[in-house]
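Presented below is the structure to which this report refers.
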Amino acid sequence: MNLENKTVWITGATSGIGKELARQCAELGASVVLSARRVDVLEAVRDALPGGKQRHHIVRLDLADAEQLMVDAAAALENIGTIDILVNNGGISQRGFFLETELEVYRRLMDVNYLGTVALIKVVLPAMCASNQGSIVSIASVAGKCGSKLRTGYSGSKFAVVGMMDCLRAEVSEHGIHCLTVCPGYVQTDIAINALTGDGSAKGVSDSVIDEGLTTTECCQQILKAIDKKQDEVVIGKGVSGLAPTIKRFFPGLYAKLAAKRVAV
Ligand SMILES: NC(=O)c1ccc[n+]([C@@H]2O[C@H](COP(=O)([O-])OP(=O)(O)OC[C@H]3O[C@@H](n4cnc5c(N)ncnc54)[C@H](OP(=O)(O)O)[C@@H]3O)[C@@H](O)[C@H]2O)c1
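Using our numbering, you'd call the opening residue of the sequence shown number 9 and step up by one each time.
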């Protein structure tokens, strides 16, 4: 895949999947717009990319504040110009039983994972439609296709992303806009460490399932392949985490039994 003369905007670029995707895109020749909240980390990520600060941009965005995000992203877009590929990747997970989780945790998961994604698409999409080109990529999750314990809020927010992307694809296909929904299974990142527990505090330690998941390198190679092939949706995962959506689709009763038995932490 050749990304020379292409601009790729990636949220959640300070860590995990977003950071590795930025590296792979830069290796392929892209100019990358790096977004997240921690500017010092964004600067370190940018400086390590081929092309450094001459080729890449930093835009601080807080996905939890959709209104402010739209103001900040629109201002940045005026300087940056055309976006060829937007990757809505920034997000936060959850590890907590429904009965022990405060309402505020549900609100935060929806704000960051869903509304923040919608807000940034609203800023970037109009120019893509006007020029009849571009890709909108949203990193949802296998949890956006099927539920499991401890993730009622996370799964809800990711189901919302999957549904929104399906609708958006239907609306903008006539403009030639490609919409890709990525549903990763377990990937080795800080996602579990940063996951919200019932009271909204971070879990603070990783999970064995995450530590044994796909590497970010493998995951991002598959994301780029799906972008290149202009796929609508891709599930990326090894073992049960990659098979879960298929099991649920064809054997829903079996899936429900397995999900009720398994505590996936
Ligand atoms: N790892 C997995 O197993 C897995 C599986 C399925 C889906 N996913 C999805 O993949 C995406 C990337 O996650 P990851 O695994 O790479 O996790 P990660 O290592 O924890 O990275 C999360 C990224 O999201 C950013 N972020 C979090 N809250 C934010 C906010 N309020 N505003 C702006 N940026 C925010 C973080 O940046 P700052 O803290 O610097 O703001 C960080 O760059 C997420 O959407 C996640 O749901 C991951």
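C-beta atoms are modelled at their ideal positions from N, C-alpha and C, and glycine is treated no differently.
Between residue i and the rest of its own chain, which residues show a CB-CB distance below 7 Å, the 5 nearest in sequence each way excluded?
| i | result |
| --- | --- |
| A151 | R159, Y162, S163, K166 |
| D198 | S23, G24 |
| K61 | R54, D55 |
| D219 | Q196 |
Give the C-beta separation of residue i and residue j to the nearest angstrom, bearing in mind that I take them to be a contact with Cβ-Cβ under 8 Å.
| i | j | result |
| --- | --- | --- |
| I100 | L222 | Their Cβ separation, rounded to whole angstroms, is 19 Å, which puts I100 and L222 out of contact at 8 Å. |
| V53 | A30 | 6 Å |
| C228 | Q32 | 5 Å |
| L50 | A34 | Wrong, their Cβ atoms sit about 14 Å apart, outside the cutoff. |
| H65 | I88 | 6 Å |
Just curious, the beta strand (DSSP E) that residue i is in, first and last residue?
| i | result |
| --- | --- |
| S216 | Counting along the chain, S216 falls outside any beta strand (DSSP E), though it belongs to the alpha helix (DSSP H) covering 216 to 219. |
| I100 | Taken as a continuous stretch (DSSP letters only), I100 belongs to no beta strand (DSSP E), as it is neither H nor E. |
| S23 | Where S23 is concerned, there is no enclosing beta strand (DSSP E), given that its DSSP letter is neither H nor E. |
| V49 | Element bounds for V49: not the beta strand (DSSP E) but the alpha helix (DSSP H), 47 to 56. |
Which two residues bound the contiguous alpha helix (DSSP H) that contains residue i?
| i | result |
| --- | --- |
| N13 | Element bounds for N13: n/a, residue is neither H nor E. |
| L176 | 160 to 180 |
| C228 | 224 to 236 |
| I66 | Element bounds for I66: not the alpha helix (DSSP H) but the beta strand (DSSP E), 65 to 68. |
| E110 | E110 -> no alpha helix (DSSP H), and no H or E assigned at all. |
| K265 | 260 to 269 |
Could you tell me the alpha carbon to alpha carbon distance between residue i and residue j, rounded to whole angstroms?
| i | j | result |
| --- | --- | --- |
| T15 | L94 | 9 Å |
| C137 | Q76 | 23 Å |
| A127 | R116 | 15 Å |
| A178 | N140 | 15 Å |
| Q196 | A210 | 17 Å |
| S146 | N96 | 5 Å |
| S149 | L188 | 12 Å |
| G171 | E86 | 30 Å |
| S214 | N202 | 8 Å |
| G20 | I91 | 17 Å |
| V41 | T22 | 12 Å |
| S43 | G59 | 17 Å |
| G193 | V132 | 27 Å |
| G26 | T224 | 9 Å |
| V243 | R257 | 13 Å |
| V217 | V248 | 10 Å |
Take residue i and list the residues in its own chain whose beta-carbon comes closer than 8 Å to its own, dropping the five residues that flank it on each side.
| i | result |
| --- | --- |
| D80 | V67, R68, L69 |
| N10 | L36, G37 |
| G208 | E110, E112, V113, R116 |
| A74 | D119, L123, G124, V126, A127 |
Taking DSSP's pairing of strands, which residues face residue i in a bridge?
| i | result |
| --- | --- |
| N140 | Its beta-bridge partners do not exist; DSSP assigns none. |
| L188 | V145 |
| V195 | L222 |
| L133 | Bridge partners of L133: none, in fact. |
| A210 | L204 |
| A44 | R68 |
| V243 | C191 |
| S39 | T15 |
Near residue i, which residues of its chain fall below 6 Å by C-beta distance, leaving aside the five closest residues on each side in sequence?
| i | result |
| --- | --- |
| R45 | D70 |
| A252 | V150, C154 |
| I255 | Y263 |
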